[in-house]
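Reviewing the structure listed below.
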Amino acid sequence: MSDPSRPGDWPRATEADFGPPGPGEFRGTPEDFVVEEILGFVPEGEGEHLWLWVEKRGLTTLEAVRHLAKASDVAPRAVGYAGMKDRIAVTRQWLSVHLPGRPAPEGLAERLAGCGVRVLEQARHPRKLKRGVHRANRFSLRITGAALQQDLEERWAWLCQHGVPNLFGPQRFGPAGRNLARAHALLARGWRKRDDREGMLLSAARSYLFNELAAMRLTDDNWQRLVGGDVAMLDGTASQFGVETPDAELEARALRLDLHPTGVLWGVGDSLATGEAARYESAVAERHATLCRGLEQAGVRMARRALRMRLDQPRLTREQDGARLDFQLPRGSFATAVLRELIAHPNLTLSAEA
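Position 258, counted from 1, in the sequence shown is what the numbering used here calls 246; the numbers after and before it change by one each time, with no gaps.
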């Protein structure tokens, strides 16, 4: 397992068959990293909240939220969003702003365009856009470098068949992993909301613990199949059920990517895992007792996350001096976890500014 000061040094699923990938480049320009949020429903057309389908470039989601709040003369808390999107990218997502009894501010689209946020569509809806309500994200990524001259198609086909480790991406841990170092220090002395108002450090700690668990399962080559006492999750849903002993039918469904083993997102509560699966969790808890104890004392509720993600609608297209990867991932999954299986790049191990 990795050193807490160096998040991202976790095993790759493809290395057993192909060895480590060659060097590659990604996100050379924002247009090389295109993300489109898939909401799964449409605004109703009326209500107190104005929903905006926007395209941003060179901005984080929180920066776009602040620009919308300022342009609408509201507090940032009146603005809603479903998911955080990358800065060095072209991203399309919904934002909502609470405007009860008010029309859209005059010149809103023009003001936002001057800040790097282009309004593509707008509609009214009765409710604020909440975190995590979107269904998925669609990615279109361009990669270049020596890795493309090796076995790119073979690695890609392997991932399409077997799935991808559902690791949290290095951007979750901040530049050079500093969010994790800050989280460790904060949880060691006792978490306080005033020191972590957005919960970013709690999230970094939970993500690290999950990746540590996934690394153990990757090392033992059972990250993609059920072990005794696992909690399985149906693909594309949050539905879960315990598996005391995997039978032939469940093993076949896991092979087809219909369901996935899960790992714990640490906090207060019962992880639901038993037997061999629980022993993996206990090993992580023993190794990282300070983080686990700090999360429990902070009152974070325990949850579960699939150890594997399926590439939906995958396509690899060779381009001049590069390749374009198109695929869809469920919400909360990271495209950088896919890229690290295909190319070696420093930013896929230790996060740079993103």
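Yeah, the Cβ is synthetic: ideal placement off N, Cα and C, and Gly gets one too.
Beta-carbon proximity check, residue i vs residue j, cutoff 8 Å
i: L38; j: V85; result: yes
i: E13; j: T132; result: yes
i: G217; j: A261; result: yes
i: G68; j: K118; result: yes
i: F6; j: D314; result: no
i: R160; j: S195; result: yes
i: H122; j: E25; result: yes
i: P11; j: A332; result: yes
i: A193; j: L279; result: yes
i: Y268; j: R205; result: yes
i: E81; j: V107; result: According to the sequence as given, residue 81 is Gln; it is not Glu. No, the pair does not count as a contact, with Cβ atoms beyond the cut-off.
i: L201; j: L189; result: no
i: G282; j: A176; result: yes
i: A1; j: L317; result: no
i: D(-3); j: T337; result: yes
i: L245; j: G151; result: yes
i: V219; j: R292; result: yes
i: L330; j: A135; result: yes
i: I76; j: R15; result: yes
i: A203; j: P(-1); result: yes
Endpoints, beta strand (DSSP E) assigned at residue i
i: F161; result: Per DSSP, F161 belongs to no beta strand (DSSP E) and is neither H nor E.
i: H113; result: V105 to H113
i: L96; result: First-last for L96: L96 to A101, but that is the alpha helix (DSSP H), not the beta strand (DSSP E).
i: W82; result: V78 to H86
i: Q316; result: G310 to P318
i: G68; result: V67 to Y69
Opening and closing residue of the alpha helix (DSSP H) in which residue i lies
i: L189; result: M188 to T207
i: A59; result: T49 to S60
i: D5; result: E3 to F6
i: T324; result: A323 to L330
Whole-Å CB distance - residue i paired with residue j, under 8 Å assumed
i: L147; j: L299; result: 6 Å
i: L214; j: E239; result: 7 Å
i: R296; j: W211; result: 6 Å
i: A52; j: K58; result: A52 to K58, Cβ: 11 Å. No contact.
i: G35; j: P18; result: With a Cβ gap of about 32 Å, G35 and P18 do not count as contacting.
i: V30; j: V78; result: Contact doesn't hold; Cβ gap of about 22 Å is too wide.
i: G178; j: Q285; result: 7 Å
i: M221; j: H248; result: 5 Å
i: L50; j: L83; result: Actually they do not touch by this definition, with Cβ atoms about 11 Å apart.
i: P8; j: S60; result: Incorrect: roughly 49 Å between the Cβ atoms, too far for contact.
i: L197; j: V272; result: 6 Å
i: Q110; j: L40; result: 5 Å
Below-8 Å beta-carbon distance, residue i vs any chain D residue
i: R296; result: Chain labels in this structure do not include chain D; a single protein chain is all it has.
Continuous beta strand (DSSP E) assignments of at least 3 residues falling wholly in the stretch 219 to 305: Here the runs fully enclosed are 228 to 231, 247 to 253 and 291 to 294.
Enumerated in chain order, which unbroken segments of the beta strand (DSSP E) with a length of 3 residues or greater are wholly contained in the stretch 116 to 182? The stretch 116 to 182 contains these whole beta strand (DSSP E) runs: 124 to 132.
When you compare the stretch 300 to 313 with the stretch 253 to 269, are there three or more beta-carbon pairs, one atom per stretch, that lie closer than 8 Å? The answer is no - the stretch 253 to 269 does not touch the stretch 300 to 313, with fewer than three Cβ pairs under 8 Å.
Per the contact definition of three or more C-beta pairs closer than 8 Å, is the stretch 148 to 156 in contact with the stretch 321 to 335? Pairwise C-beta distances place the stretch 321 to 335 in contact with the stretch 148 to 156, as three or more of them are shorter than 8 Å.
Is the stretch 223 to 230 in contact with the stretch 168 to 188, if contact means three or more CB pairs nearer than 8 Å? Inter-segment contact for the stretch 223 to 230 and the stretch 168 to 188 is absent: fewer than three beta-carbon pairs are separated by less than 8 Å.
Could I get the ranges of all uninterrupted alpha helix (DSSP H) runs contained in the stretch 7 to 42, with 4 residues as the minimum, in chain order? Segments of the alpha helix (DSSP H) lying fully in the stretch 7 to 42: there are none.
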